[in-house]
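The block underneath contains the structure these notes are about, expressed in structure tokens.
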Amino acid sequence: MKEQIKILVKLQHLDTETVRIKSTLNDVSKKLENLDSSLKEIEQTIKDQESVLGELTKQYRDYESEVKINLVKNQNSQEKLRLVKTNKEYQSLLKEIEAVKSKNSSIEDKMIECLDRMDETEEIIAKKQDEYLQFSDRIKSEKENIEHEAGINKKKLDEHDMDRKNISGLIDPQLLKKYLIIKEQHQGGLAVVPVKDAVCYGCNVNLPPQLYNELFRCDSLKFCPNCHRIIYLKE
Ligand SMILES: [Zn+2]
1 MKEQIKILVK
11 LQHLDTETVR
21 IKSTLNDVSK
31 KLENLDSSLK
41 EIEQTIKDQE
51 SVLGELTKQY
61 RDYESEVKIN
71 LVKNQNSQEK
81 LRLVKTNKEY
91 QSLLKEIEAV
101 KSKNSSIEDK
111 MIECLDRMDE
121 TEEIIAKKQD
131 EYLQFSDRIK
141 SEKENIEHEA
151 GINKKKLDEH
161 DMDRKNISGL
171 IDPQLLKKYL
181 IIKEQHQGGL
191 AVVPVKDAVC
201 YGCNVNLPPQ
211 LYNELFRCDS
221 LKFCPNCHRI
231 IYLKE
């Protein structure tokens, strides 16, 4: 019985490892997706800022041409000024010229503001482009690591599968069946647990003294009366 339990514990270790490796492998694709989506986020920010810059540039050109039109308008007014005959006409034309001048001056203020914003946006774009390059380098090596590790894990999984087949053949079929049922009852968790100082390691409950004493004999299969797992004496 002692030998059988030993093999069963080995099998259980393989099963536990298999579950762990499988869940690690499941995480791999999630990890890779996360890395890609972080990179895409930076890419999107760059695109957004580039479109902001495009709009600002267009706005700036619109202001520029408005200023030019106004300048031409005022040149024409200046010429007309020489031709006017009455003071009233003269005054009204002057007023018009002043109005256009002040309009241009406020447009020029807006142009300066626009240039400031263009500078800021260009700075953000340059910073993000830098970030993108650094991040994509980092992602590349991180991806390689993740994939390398996944490769090792896949190999380990294959080895575990083989070992499991070999070990299973050494266990009494009835015992193996019991092991699988108990494992199922504990949601794939431990089915064989050690006992130390009369305490079950599966549920941390004290065993009755008689059962604990019987464990020392190692002559038959014993179960924890509380969690119903297979128990063995921890050496
Ligand atoms: Zn127990």
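When you line the sequence shown up against my numbering, it's residues 1 to 235, in that order.
Even for Gly, the Cβ is constructed at its ideal location relative to N, Cα and C.
| Asked | Found |
| --- | --- |
| Tell me which same chain residues have a C-beta within less than 8 Å of the C-beta of Ile171, skipping the five on either side of it? | Gln4, Ile7, Leu8, Leu11, Tyr179 |
| Report whether the distance from the Cβ of Gly188 to the nearest heavy atom of ligand 1 is below 7 Å. | no |
| What span of residues does the alpha helix (DSSP H) with Ile146 cover, start to end? | 87 to 168 |
| I'd like the list of long-range same chain contacts for Leu53, defined as Cβ closer than 8 Å, with 5 residues on each side in sequence excluded. | Met118, Thr121, Glu122, Ile125 |
| What does the shell around ligand 1 hold, if a residue joins when its beta-carbon is under 6 Å from any heavy atom? | Cys200, Gly202, Cys203, Val205, Cys224, Asn226, Cys227, Arg229 |
| Thinking C-beta only, is Val28 closer than 8 Å to Ile146? | yes |
| Locate the alpha helix (DSSP H) running through Leu83, then write down its first and last residues. | 2 to 83 |
| Within 10 angstroms of the Cβ of Cys224, are there 16 or more other Cβ atoms? Answer buried if so, exposed if not. | buried |
| For the alpha helix (DSSP H) containing Lys239, list its first residue and its last residue. | Absent from the model: residue 239. The displayed extent of the chain is 1 to 235, so no value can be given. |
| Using the beta-carbon count (16 or more within 10 Å), is Arg138 buried or exposed? | exposed |
| Sorted by chain position, which residues of the same chain lie with C-beta nearer than 7 Å to Ser220's C-beta, five sequence neighbours on each side aside? | Met1 |
| Less than 8 Å separating the beta-carbons of Leu14 and Ala150? | no |
| In whole angstroms, what is the alpha-carbon distance linking Glu184 and Ile46? | 52 Å |
| If you compare alpha carbons, which of Phe135, Lys222, Asn153 is closest to Ile21? | Asn153 |
| In chain order, what residues of the same chain lie with their CB nearer than 6 Å to the CB of Tyr132, ignoring the 5 residues before and after it? | Ile42 |
| Out of Pro173, Lys128, Ile107, Arg229, which one is the CA nearest neighbour of Val199? | Arg229 |
| Excluding the 5 residues preceding and the 5 following Leu215 in the sequence, name in chain order all residues of the same chain whose CB lies nearer than 8 Å to its CB. | Val195, Leu207, Lys222, Ile231, Tyr232, Leu233 |
| Can you tell me whether Ile182 is buried or exposed? The criterion is at least 16 other CB atoms within 10 Å of its CB, across all chains shown. | buried |
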